[in-house]
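The block underneath contains the structure these notes are about, expressed in structure tokens.
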Amino acid sequence: MADQKVAHEDDKYLTQHPIAIAQILNELAKNKTTLNLSFNRGQEQGLTTVIGVSRDKKFVYMDKSLDAGFNKRLLASNSIIFSKTDGIKVRWSCAKLTEVQLKDGEALKMALPKSLYRFQRRDFFRSLTPMTTPVVCYIPYHNPTNDRDEQLEMTLVDASLGGIGTGVTDHLSSIIEIKSVFPHCAIKLPNFGELDTSLCVKHITETVMLNGAKKFRVGFQFVGLSRDEERTVQQYVLQLERDALVFAKASSSV
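For the sequence shown, position 141 matches number 197 in my numbering, and the numbering has no gaps at all.
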């Protein structure tokens, strides 16, 4: 088999040094940047801001919601994801939030993240899709050879707010070319229904295995998603990340 790429493709955006993480969070606090937070498998979402980082750089303080019921459910959650999805994107997660009394009132408190993703303006966080229950993208096209409407089936390997990554073994269809756009592609997202979207081919990567077999990775960009469709993709990506966190936590406890 070919050499395995152990690191996740997004690891080049990963920050793990506590001082650097504290600086990024303090910058968010200074600019009073609005952040998205998600919990309960992505089913519940809200907004918050970073108040600041403790002097010893061990804790982060966040704003509480005015909704007491929302705060109660949030505090009971064991996996929360924070993200800034516009401009320079930032993303991190925590296992637990607690309440704390600050000089200016009550706030939420969490341990300083051990890692944090900070992306460039045009990049999106990609979450790996499960291999045990593959998600398939159906791409319709007209085949001029037999003058018939047909469709390609391509298996997702990751998903993001910007698009999807797919994997193909042995043979890549000749219709898949950089900048090609395919309307009405269907992607059945588990628990979130079917997404009908246009996809544009952004990149194609070929890998030759030691036995001579070929593998292709094709990256597609979403084209013209509606707000509802963007929300659906976001919820699906958040679910993928939460499932990955649960799996990592379970694996570390074995």
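Beta carbons: idealized from backbone N, C-alpha and C, even for Gly.
A quick note: this is a predicted structure, and the numbers were derived from the prediction, not measured.
Between Leu255 and Phe238 a beta carbon distance of about 5 Å is seen, short of the 8 Å cut, so the two are scored as contacting.
For the region 64-103, the continuous alpha helix (DSSP H) assignments of 4+ residues that do not extend past its boundaries occur at 74-86, in sequence order. Judged by DSSP secondary structure, Lys128 falls outside any beta strand (DSSP E) and instead within the alpha helix (DSSP H) spanning 124-132. Exclusion of the five residues before and after Leu281 leaves Thr253, Val289 as the residues of its chain whose Cβ lies within less than 8 Å of its Cβ.
Note: Ser254 is bridge-paired with Val279 in the DSSP secondary-structure output.
Check the Cα spacing between Val116 and each of Leu130, Phe95, Lys145, Leu84: the tightest is with Leu84. Its Cα nearest to that of Met187, the residue Thr211 stands out among Tyr292, Leu91, Thr211.
For Pro239, the enclosing beta strand (DSSP E) covers residues 237-245.
Assignment of Leu168 by DSSP, reduced to helix, strand and coil, places it in the coil class.
Around Ile243, the same chain offers Cys193, Leu251 as residues with beta carbons nearer than 6 Å, after the five sequence neighbours per side are excluded. Ala215 is a Cβ neighbour of Arg182, given a cutoff of 8 Å. In this structure Leu172 is in contact with Val146, their Cβ atoms being roughly 7 Å apart against a cut-off of 8 Å. Within its own chain, the residues whose Cβ lies closer than 8 Å to the Cβ of Leu158, once the five positions on either side in sequence are excluded, are Ile107, Tyr117, listed in chain order.
Under the 10 Å beta carbon count, Ile75 is surrounded by fewer than 16 other beta carbons and is classified as exposed. With respect to the 8 Å criterion, Leu294 and Ile136 are not classified as neighbours on the basis of their beta carbons. Burial check for Val213: the Cβ neighbour count within 10 Å reaches 16 or more, so the residue is buried.
Of all alpha-carbon atoms in Met166, Glu100, Ile232, Gly161, the one lying nearest the alpha-carbon of Thr154 is that of Met166.
The C-alpha of Phe272 lies about 14 Å from the C-alpha of Ile220. Going by DSSP, Gly223 is part of the beta strand (DSSP E) stretching over 219-225.
If you draw a straight line from the Cα of Ser149 to the Cα of Gly249, it comes to about 26 Å. In the three-state scheme derived from DSSP, where H, G and I count as helix and E and B as strand, Asp284 is classed as helix. In the DSSP assignment, Glu162 is bridged to Gln157. Asn87 places its beta carbon 8 Å or farther from that of Thr141. When rounded, the separation of the alpha-carbon atoms in Leu164 and Pro246 is 32 Å.
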